[in-house]
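Engineer: If you scroll down you'll find the structure; I have some questions about it.
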C-alpha cells in the first residue's frame, strides 16, 4: 500500500484527503448508491407497455381481467420458456416479484414439504449453502426462517465446488444453495460450465435438496452476449431433474416494481407447486402479463430491449471503473471487479475497513449498501466487501458519489496506517 | 312436500319432469354456474383504468414503476382506509389477491408466529372455527395446513355466538375464525351488530386468536346500502385491538384477476406484518395501485361504480329467484335465500339430495359448485346445500340453467319419494 510514500508524505496525503472530504460534507449531498434500482430513463424504455391497451383478451381467448389460469397466461409462459431455455409447461408465470416466489418456495418447503418429503418445520435443523459475497435478500430469508447459513467462498468461476460437494454429500440437513449464476450479485462473475455441471451431477445426502437458481441478470449484458449451460438440462442429464428451482423476472427488463416473475423447474416440481398454490391464489395478474407479451413479443424483442438498457448502464459502469482506477489504481490499497453485465461492482477494502468507509460516505451524504450485507448474517468476516450499485443515479451524481467514495476509502486506510 | 299429490299424480309429475330433463340433455348445453366470477359487461365497467396512462408518478412523488413502498402507495392506502373505515397506517395495500393475503397470514403464523407468540408449526394442534355454510377456499387453506376445522352453524345474524364463545373461551388451540360478514358466502346474510360486538368482546383462551374478517362484499349492495359495525373499532373498544385481520379487495369492484387487495389491522399487527413481509418482497405492483386510485378517486367514486355493478347483477339475482319461485315455490321441497347483495344464493334441498342434484345438472350440461363445498372438508353433513352463482352467465343462459336446475331438484326429490 502506498508504495513509495514515507510517513511524512502519508501525513500530507491524509491532510489533503481530509480537506477534500470536509469540502464535500459542506455540500449537504444526498446521493443513493445503495440498491440495484433501474434509473428513470431505463424505466422510460418500457412505458409503451401501457400504450394502446385496446382489449384484454389473450391469444388463447382468455379474458385477462377475470379469475383463473393458476400458472399464468400461456403466451407469458412461452416467452419465459424462450428466455430460460425450458418448455412452457416447466414454467409458472406469477406476479411481479421473483423474491416473493423464492420466499414462497422456502415457505412451502417449511409448511408442506417438497414433493412428499418431510416439511422442513418438522426438522431440528435446516441449513443452506451461501456462496459469498452474495445477495443480502437471499440471506435475509434464511435468517427469518432460522436456516443455518454456511458461507461458501467464491472465485471467478462461482462457488468453491470442492467445499460444496463435500458438505452436501454428507449432511442431509443441508437443503439448498443460493446461486446467482450470471453476473453474480455483487461480484459480476459468471458461473463456469464446469461449476454448473458439478452442481447438477453432485451427490446430495438430502433427497429434497434444491438449487435456488436466481437468474436475475441472465440477459443483462453490458457488452456482448454471454451464455452458460442450462442448469435444468444438466440436472436432467445427470438424472437429477428435480434438483433445481429457477427464478426469473422482468424487474430489470421492464419495471422493477411491476414486472412479471417466473419460476421454472421439472414437471414434477411444477405439478407439486401448482397443487399447493391452487390453495393460495386463483391466479396472477394476467393483464400485466398480457401487456408485457404484447410489448416484448418474443425473445428477440427482449434482447433488443436489453441493448437499450445496456446503452444507459454501460457509461455508468465505465464511469465508476474510471474513477476507481484514476483515484485508487496506483495505490494498491483496494481491488474491485470489472463486470460485463448485471447491476453491481464488488469492491474490497483492506481488511477491517469496509464498515468505516460506508459510514464515512454516509456522513458525507452518500449511501451505500451496508458493509457486511453481502455475507450471511450481515457479517463480513474480513470487513472488506462493499457493493457498488451504479444504475440508479444520473451520471453526474454518480461521478460525484464515486469521487467521495474514493476519498472515504483513502481516509479510512490512511487513518489505520498512521 | 308435494301436498295434495297422491302417488299417481306424483308418478305423472315424475314422468313429465324426466321428459323435460331428457329434452334438455339433447341440447348439449355447456353452462357454468360454479364460481362467483364477474361477467364480461361487469369487467367492461373498469376498462377505463387502462385509458390515458400518461405518467407513473404518485401524488407523493413516488415512481410507481420502481422498487419500494412495502405497504403500497399512500393514495391506495387512503382509499382502502375510507372503504374499510380505518386509518391509512392500519392498511397494507398489496397485489391483486386477498385470498393470497389470507393464505400468507396463516403461513406467517405457522412459520414465524404472530406478534411474538409461538409459531403454530410448533404446536401439536391448531383449530379454526368455520361458520358454515361458508367459503370453500377458506376451508381449503385450513385443510392444507392441517388445521382442524370446527363447523359453527349460521343463522340470519351470523355464526352461533353461544357456541363460538364457549369454544374460544376454553380451548387455546383454537386460533381463528373465518368470517365473511357482509352478504356472507353463500347465504348472503349480514352479520348483526350484536354478533360483531360479541366477536370483539368475547374472551379467548389463545392470546394469538385472530378473526379472519374477509369482507369481500362490503360494498356489493344490490339494492340500498347496508352497513354494519366496524369490527376493528369494536375490538379497540373492548381492549382487543389486535384480534382482527380484515381483508378487502377490488376483485369484484375492478378486475377479478387484476385488482388490488388489502389487509387492515391494528398498528401492532401491521408493524408485525410489515417486518415479516419486508423479507418476502420489495413491494407490491404500484402501477396497478396508481391506476386504480386515478380511476376511482375516492369512496364516492367506488360507490358510484358499485351502482353500475348492481344494475347488471340485480336482474340476474331476480331472474334466479323468479324461476325458483315459479317452479318450486308451491312444492315445499326446498328453500333458498333472498340476498340483498354479494355474489351468491344459497339453496337447500331436502336432506341427502344436494350431491345428486348437482350431478344431474352436470349431466345436462350445467355446472354448479360441488355440493358439500360450502362445508369444512367438503362434507355437508345433511347433503343439502348448493351454492348458486348468478353473476357470470348472460341472462338468457342463466334462465335456462335455472330451469334445468329446478327440474334436477324435482327429479331427485321425486326419485326419493317414489
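Protein chains in written order, with the numbering used here: chain A, -19 to 398; chain B, -19 to 398.
The beta-carbon is built from N, C-alpha and C at its ideal position, and this holds for glycine as well.
Source: prediction; values computed, not measured.
(1) Taking a contact to mean a Cβ-Cβ separation below 7 Å, would you say residue 399 of chain B touches residue 77 of chain B in this structure?
(2) According to DSSP, simplified to helix, strand and coil, what is residue 87 of chain A?
(3) Got a sec? Which residues, its chain only, sit under 8 Å from residue 236 of chain B by beta carbon, not counting five neighbours each side?
(4) Taking a Cβ distance cut-off of 7 Å, strictly less, list which residues of the stretch 49 to 83 of chain B are near chain A, in chain order.
(5) Within its chain, find whatever has a CB closer than 6 Å to the CB of residue 400 of chain B; leave out the 5 residues flanking it on each side and keep chain order.
(6) Determine the chain B residues that contact residue 261 of chain A at a beta-carbon separation under 7 Å, and present them in chain order.
(7) By the 8 Å beta-carbon criterion, what residues does the stretch 13 to 41 of chain B contribute toward chain A?
(8) Report the three-state DSSP secondary structure of residue 0 of chain A (helix, strand or coil).
(9) Can you name, in chain order, every residue of its own chain whose Cβ lies under 7 Å from the Cβ of residue -6 of chain A, other than the five neighbours on each side?
(10) With contact counted as at least three CB pairs below 8 Å, one residue from each stretch, are the stretch 72 to 89 of chain A and the stretch 256 to 276 of chain B in contact?
(11) Could you tell me the distance, in whole angstroms, from the CA atom of residue 304 of chain B to the CA atom of residue 382 of chain B?
(12) Jot down the residue ranges of each uninterrupted alpha helix (DSSP H) in the stretch 53 to 81 of chain B, minimum 4 residues, whole runs only, in chain order.
(13) So within the stretch 321 to 348 of chain A, which uninterrupted alpha helix (DSSP H) runs reach at least 4 residues, ignoring any that extend past its ends?
(14) For residue 285 of chain B, which residues in chain A fall below 9 Å Cβ to Cβ?
(15) Scan the stretch 204 to 233 of chain A and note each continuous alpha helix (DSSP H) run of 4 residues or more that stays entirely inside, going in chain order.
(16) Below 8 Å on the Cβ atoms is my guess for residue 324 of chain B versus residue 168 of chain B; work out the distance and round it to an integer in Å.
(17) Using C-beta distances below 8 Å, list every residue in its chain close to residue 36 of chain B, excluding the 5 sequence neighbours before and after it, in chain order.
(18) How should residue 359 of chain A be labelled, buried or exposed, when 16 other C-beta atoms within 10 angstroms of its C-beta is the threshold for buried?
(19) Determine whether the Cβ of residue 267 of chain B lies closer than 7 Å to any Cβ atom of chain A.
(20) Please tell me whether residue 132 of chain A and residue 103 of chain A are closer than 7 Å, where the distance is taken between their beta carbons.
(21) Should residue 53 of chain B be labelled buried (16 or more other beta-carbon atoms within 10 Å of its own) or exposed?
(22) Answer yes if the stretch 136 to 150 of chain A comes into contact with the stretch -11 to 5 of chain A, meaning at least three C-beta pairs across the two stretches below 8 Å, and no otherwise.
(23) In chain A, which residues lie less than 8 Å from residue 47 of chain B when you measure between Cβ atoms?
(24) Out of A:306, A:180, A:222, point me to the one whose CA is closest to residue 95 of chain A's CA.
(25) Looking at the C-beta of residue 120 of chain B, does it have a partner C-beta in chain A at a distance below 7 Å?
(26) Quick one, are the C-beta atoms of residue 160 of chain A and residue 116 of chain A less than 7 Å apart?
(27) Could you tell me the distance, in whole angstroms, from the CA atom of residue 166 of chain A to the CA atom of residue 335 of chain B?
(28) Which residues share a DSSP beta bridge with residue 159 of chain A?
(29) Would residue 347 of chain A count as contacting chain B if we go by Cβ distances under 7 Å?
(30) Secondary structure at residue 282 of chain B, three-state DSSP: helix, strand or coil?
(31) Expressed to the nearest angstrom, what Euclidean distance is found between the alpha-carbon atoms of residue 300 of chain A and residue 139 of chain A?
(32) Check whether the Cβ atoms of residue 378 of chain B and residue 296 of chain B lie closer than 7 Å to each other.
(33) With DSSP as the reference, label residue 103 of chain A as helix, strand or coil.
(34) Could you tell me which of B:63, B:0, B:28, B:380 sits nearest to residue 229 of chain B, measuring between CA atoms?
(35) Select from A:26, A:217, A:99 the residue whose C-alpha is nearest the C-alpha of residue 176 of chain A.
(36) With a Cβ-Cβ cutoff of 7 Å, do residue 72 of chain A and residue 107 of chain A count as a contact?
Structural biologist: For this structure:
(1) Residue 399 of chain B is absent from the model: chain B starts at -19 and stops at 398.
(2) Along the first chain, one-based indexing puts residue 87 of chain A at 107. In the structure shown, residue 87 of chain A sits in a helix (DSSP, three-state: H, G or I).
(3) In the second chain, residue 236 of chain B corresponds to position 256, counting from 1. 17, 18, 23, listed in sequence order.
(4) 75, 76, 77, 79, 80, 83
(5) Beyond the ends of chain B as shown, which are -19 and 398, falls residue 400 of chain B; an answer cannot be given.
(6) Counting from 1 along the first chain, the entry for residue 261 of chain A is found at position 281. The contacting residues are 77, 79, 80.
(7) 15, 17, 18, 20, 23, 26, 27, 30, 31, 33, 36
(8) Residue mapping note: residue 0 of chain A aligns to position 20 of the first chain, counting from 1. Here residue 0 of chain A sits in helix by DSSP.
(9) To locate residue -6 of chain A, count along the first chain from 1; it is residue 14. The answer, listed in chain order, is 394, 398.
(10) yes
(11) For the purposes of this step, residue 304 of chain B is taken as the residue at position 324 of the second chain. For the purposes of this step, residue 382 of chain B is taken as the residue at position 402 of the second chain. Answer to the nearest angstrom: the Cα atoms are 7 Å apart.
(12) 54 to 64
(13) 334 to 343
(14) Stepping through the second chain from its first residue, residue 285 of chain B is reached at position 305. Near residue 285 of chain B there are no residues of chain A at all, since even the closest Cβ is about 15 Å away, more than 9 Å.
(15) 211 to 217
(16) Within the second chain, residue 324 of chain B is the residue found at index 344, counting from 1. Within the second chain, residue 168 of chain B is the residue found at index 188, counting from 1. That belief holds up - the Cβ atoms of residue 324 of chain B and residue 168 of chain B are roughly 6 Å apart, short of 8 Å.
(17) Numbered from 1 along the second chain, position 56 holds the residue referred to as residue 36 of chain B. Closer than 8 Å at the Cβ level, and outside the excluded window around residue 36 of chain B, lie 43, 44, 45, 267, 270.
(18) As a first step, residue 359 of chain A must be located in the first chain, where it is residue number 379. Looking at its Cβ environment, which holds fewer than 16 other Cβ atoms inside 10 Å, residue 359 of chain A is exposed.
(19) As a working mapping, residue 267 of chain B is identified with position 287 in the second chain. Chain A contact via Cβ: present.
(20) For the purposes of this step, residue 132 of chain A is identified with residue 152 of the first chain, where counting begins at 1. For the purposes of this step, residue 103 of chain A is identified with residue 123 of the first chain, where counting begins at 1. In this structure, residue 103 of chain A does not lie closer than 7 Å to residue 132 of chain A by Cβ.
(21) In the second chain, residue 53 of chain B corresponds to position 73, counting from 1. By the 10 Å Cβ count, residue 53 of chain B comes out buried.
(22) no
(23) The residue you call residue 47 of chain B lines up with position 67 of the second chain. Neighbours of residue 47 of chain B on chain A, chain order: 15, 17, 231, 236, 237.
(24) As a first step, residue 95 of chain A must be located in the first chain, where it is residue number 115. Considering only alpha carbons, the answer is A:222.
(25) Taking the first residue of the second chain as 1, we reach residue 120 of chain B at position 140. So yes, residue 120 of chain B belongs to the interface.
(26) On the first chain, residue 160 of chain A is found 180 positions in, with the first residue counted as 1. On the first chain, residue 116 of chain A is found 136 positions in, with the first residue counted as 1. No, Cβ-Cβ distance for residue 160 of chain A and residue 116 of chain A is not below 7 Å.
(27) Locating residue 166 of chain A in the first chain gives position 186, where the first residue counts as 1. Locating residue 335 of chain B in the second chain gives position 355, where the first residue counts as 1. Distance between the alpha carbons of residue 166 of chain A and residue 335 of chain B is about 59 Å.
(28) By one-based count along the first chain, residue 159 of chain A stands at place 179. Looking at the DSSP assignment, residue 159 of chain A forms a beta bridge with A:193.
(29) As a first step, residue 347 of chain A must be located in the first chain, where it is residue number 367. It does not: the Cβ of residue 347 of chain A has no partner Cβ on chain B nearer than 7 Å.
(30) Locating residue 282 of chain B in the second chain gives position 302, counting from the first residue. Helix, per DSSP.
(31) The residue given as residue 300 of chain A occupies position 320 in the first chain. The residue given as residue 139 of chain A occupies position 159 in the first chain. Whole-angstrom Cα-Cα distance: 26 Å.
(32) On the second chain, residue 378 of chain B is found 398 positions in, with the first residue counted as 1. On the second chain, residue 296 of chain B is found 316 positions in, with the first residue counted as 1. Yes, they are a contact pair.
(33) Here residue 103 of chain A is taken as the residue at index 123 of the first chain, counted from 1. Residue 103 of chain A: coil per DSSP, three-state reduction.
(34) Position 249 of the second chain holds residue 229 of chain B. Nearest option by C-alpha distance: B:63.
(35) On the first chain, residue 176 of chain A is found 196 positions in, with the first residue counted as 1. For the residues A:26, A:217, A:99, the minimum Cα distance to residue 176 of chain A belongs to A:217.
(36) Against the first chain, residue 72 of chain A aligns to sequence position 92. Against the first chain, residue 107 of chain A aligns to sequence position 127. No, the Cβ-Cβ distance between residue 72 of chain A and residue 107 of chain A is not below 7 Å.
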